[in-house]
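>
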Amino acid sequence: MPELPEVEVVRAGLEPAVTGATVASVTVYDERSLRRHSGPSEDFVDRLTGRRMLAPQRRGKFLWIPLLTPEFPKEALVVHLGMSGQVLLRDRDTDDPLTRVRLELDSPSAGPAPRAPTAHRPLRLNFVDQRIFGSMAIDELVPALDHPSQQVPSSVSHIARDPMDELFDERRFFSLLARKNTTIKRALLDQTLVSGIGNIYADESLWGARVHYEQPTATLSRAKGTLLLSEVRAVLAQALAEGGTSFDTQYLNVNGVSGYFAHSLKVYGQQGRPCPRCGRPVVREQFMNRGSHFCPFCQRVR
DNA sequence: CCGGACTCCTGGTTGC
DNA sequence: TGCAACCAGGAGTCCG
Numbered sequence: 111m112p113e114l115p116e117v118e119v120v121r122a123g124l125e126p127a128v129t130g131a132t133v134a135s136v137t138v139y140d141e142r143s144l145r146r147h148s149g150p151s152e153d154f155v156d157r158l159t160g161r162r163m164l165a166p167q168r169r170g171k172f173l174w175i176p177l178l179t180p181e182f183p184k185e186a187l188v189v190h191l192g193m194s195g196q197v198l199l200r201d202r203d204t205d206d207p208l209t210r211v212r213l214e215l216d217s218p219s220a221g222p223a224p225r226a227p228t229a230h231r232p233l234r235l236n237f238v239d240q241r242i243f244g245s246m247a248i249d250e251l252v253p254a255l256d257h258p259s260q261q262v263p264s265s266v267s268h269i270a271r272d273p274m275d276e277l278f279d280e281r282r283f284f285s286l287l288a289r290k291n292t293t294i295k296r297a298l299l300d301q302t303l304v305s306g307i308g309n310i311y312a313d314e315s316l317w318g319a320r321v322h323y324e325q326p327t328a329t330l331s332r333a334k335g336t337l338l339l340s341e342v343r344a345v346l347a348q349a350l351a352e353g354g355t356s357f358d359t360q361y362l363n364v365n366g367v368s369g370y371f372a373h374s375l376k377v378y379g380q381q382g383r384p385c386p387r388c389g390r391p392v393v394r395e396q397f398m399n400r401g402s403h404f405c406p407f408c409q410r411v412r
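According to the working numbering, the first sequence is numbered sequentially starting from 111.
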C-alpha cells in the first residue's frame with residue numbers, strides 16, 4: 111500500500127512523539143507480524159522493552175527507530191507497512207481493530223492529544239495491519255554502503271536511496287537503466303535501483319513524462335530519463351504535501367487522518383475516464399500481476 | 001540476468 | 001439478498 115509519501119507522513123508524524131520516548135511495554139497480538147524478526151517474539155519484546163527511542167529514519171518504504179543503548183545506537187525497530195500497515199498513536203485507553211503489535215510509550219512531549227505541559231505522558235503505538243504483509247523487527251544497524259558514517263538496518267542496506275535523498279546516486283541510476291535488459295516500470299518498482307516508488311506513483315510519473323510502462327530502459331533517451339526522474343520527484347513531492355494517497359481507511363497518518371492525493375491522480379484507478387491531457391480514455395492493463403494505468407495516445411513505446 | 005509464478009494474508013467491493 | 005469471485009498501496013524466493 112503505502113509508498114514513499116505515505117511512509118514519510120508516518121515517519122514525520124512519529125518524530126515528535128517517539129524521539130526520546132521510552133518503551134514501557136510491548137504486546138504482540140499476532141506473531142506473523144514479526145516474520146522479519148530473526149528470533150522468537152519473546153526476543154523481540156525483550157530487546158524493545160525499556161529502551162529509549164531516537165528520531166525515526168526512513169529509506170524508501172522502510173522506516174526505523176534507532177534504539178539507544180548505554181554505548182550507542184546499534185539496533186533499531188524496523189517497520190515496514192507492506193500493503194495495509196498503519197502506525198497509530200493513541201491515548202492509552204484507545205484500541206484499534208486489527209492491531210498486531212502494541213507498544214506503550216512514555217513520550218517526552220507531543221502526541222495526538224493537545225500538548226501536555228508535563229514532561230512525560232503515556233502514549234500507545236498501535237501497529238495495525240489487515241493483510242499482515244507488513245512487519246516489525248529488531249535489527250542490527252550497519253554502516254550505509256555508500257556513506258559509512260550513516261547507519262541503516264542490515265535488512266535495509268540493499269535498498270537504494272530514494273530520489274528525494276540528497277545522496278541519491280543519479281549517475282548510478284541512469285547507468286543501470288542503460289545497462290539492464292528490462293522495461294521502465296519494472297525498473298521504477300525495483301527498490302534496489304531507486305526506492306520509494308510503488309504502483310501508484312510509477313503510473314503517475316510515467317504519465318507525466320509520457321513514457322509507456324513497457325519502454326525498454328536501454329532505449330530510453332537520456333532526456334526522457336531525466337524528464338521521468340523529475341516527474342517522479344514532482345509527483346512524490348506533491349503527494350507528500352497532500353498527506354499521501356488514501357482510497358479508504360487503509361492508509362491513514364499516525365493520527366488516523368486520510369491524505370488527499372487521491373483527488374490529484376491523473377491515471378491510477380482512472381481507467382475509462384478521459385486522459386487529463388488529451389481527453390482519450392485511460393486504459394488499465396495487467397502487468398506484473400497488478401494494474402498498469404496509462405494513456406495509450408500520450409504514452410507510447412519509442 | 002531476467003521474467004513469471006508463487007508465497008505471505010484479510011476484508012471490502014463487484015457481479016451474478 | 002446472498003455468496004463467490006475478484007481486487008488491493010509490497011516484496012521476497014524459486015525456477016526455467
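Virtual Cβ for every residue (Gly too), placed ideally from N, Cα, C.
Assuming ALA186 is part of the alpha helix (DSSP H), what are its boundary residues?
ALA186 -> not in any alpha helix (DSSP H); beta strand (DSSP E) instead, spanning 185–190.
> Within a Cβ cutoff of 6 Å, which residues of the same chain sit near GLU141, ignoring the five residues on either side of it in sequence?
SER151
> Check ARG320 in the structure and name its three-state DSSP category.
Here ARG320 sits in coil by DSSP.
> Thinking ALA333 and LYS290 are a contact (beta carbons under 8 Å), I'd like their distance in whole angstroms, please.
Incorrect: roughly 19 Å between the Cβ atoms, too far for contact.
> List in chain order: all unbroken beta strand (DSSP E) runs of 3+ residues lying wholly within the segment 121–172.
132–138 and 167–169
> Along the chain, where does the alpha helix (DSSP H) that runs through ILE248 open and close?
No alpha helix (DSSP H) contains ILE248, which is instead part of the beta strand (DSSP E) from 245–254.
> Going by beta carbon distance, what residues of the same chain come within less than 7 Å of LEU303, once the five residues before and after it are set aside?
ALA270, PHE283, LEU286 and ALA297
> Ignore the nearest five residues each way along the sequence and tell me which others in THR292's own chain have a CB closer than 6 Å to its CB.
THR327
> Starting from the C-beta of SER143, find all residues in its chain whose C-beta is less than 8 Å away, skip the five residues before and the five after it, and write them out in chain order.
ARG210, VAL211, PHE237, ASP239, ILE242, GLY244, SER245 and MET246
> Write down every uninterrupted run of the beta strand (DSSP E) in the segment 255–317 whose length is 3 residues or greater and which is fully enclosed by it, in chain order.
257–263
> Since GLN261 and LEU251 are thought to touch, with beta carbons under 8 Å apart, how far apart are those beta carbons, to the nearest angstrom?
4 Å
> According to the Cβ coordinates, are LEU215 and MET274 closer than 9 Å?
Taking a C-beta distance under 9 Å as the contact criterion, LEU215 and MET274 do not qualify as a contact pair.
> With a cut-off of 8 Å on the beta carbons, I'd call VAL117 and LEU173 a contact; round off their distance for me.
6 Å
> Which residue marks the beginning of the beta strand (DSSP E) containing GLY195, and which one marks its end?
195–200
> Assuming VAL211 is part of the beta strand (DSSP E), what are its boundary residues?
209–217
> Kindly give me the distance between the Cβ atoms of LEU124 and PRO183, rounded to whole angstroms, as I take these residues to be in contact under 8 Å.
With 8 Å as the limit, LEU124 and PRO183 do not qualify as a contact, their Cβ atoms being about 16 Å apart.
> Which residue marks the beginning of the alpha helix (DSSP H) containing ARG332, and which one marks its end?
Counting along the chain, the alpha helix (DSSP H) containing ARG332 begins and ends at 332–351.
> Is the distance from the Cβ of SER356 to the Cβ of TYR378 below 9 Å?
no
> DSSP on LEU114, reduced to helix/strand/coil?
Three-state result, LEU114: helix.
> Note the first and the last residue of the continuous beta strand (DSSP E) segment covering ARG412.
Counting along the chain, ARG412 falls outside any beta strand (DSSP E), and DSSP gives it neither H nor E.
> Classify GLY221 as buried or exposed, calling it buried when 16 or more other Cβ atoms lie within 10 Å of its own Cβ.
Per-residue confidence for GLY221 stands at a pLDDT of 49, beneath the threshold of 50, marking its modelled position as unreliable; the derived number appears in the next sentence. It counts as buried.
> How many whole angstroms separate the CB atoms of LEU350 and VAL136, which I take to be in contact at a CB cut-off of 8 Å?
LEU350 to VAL136, Cβ: 30 Å. No contact.
> Could you tell me the alpha carbon to alpha carbon distance between VAL367 and GLY160, rounded to whole angstroms?
Distance between the alpha carbons of VAL367 and GLY160 is about 29 Å.
> Ignore the nearest five residues each way along the sequence and tell me which others in GLY308's own chain have a CB closer than 6 Å to its CB.
GLU113
> GLY318 to GLU341, Cα distance in whole Å?
6 Å
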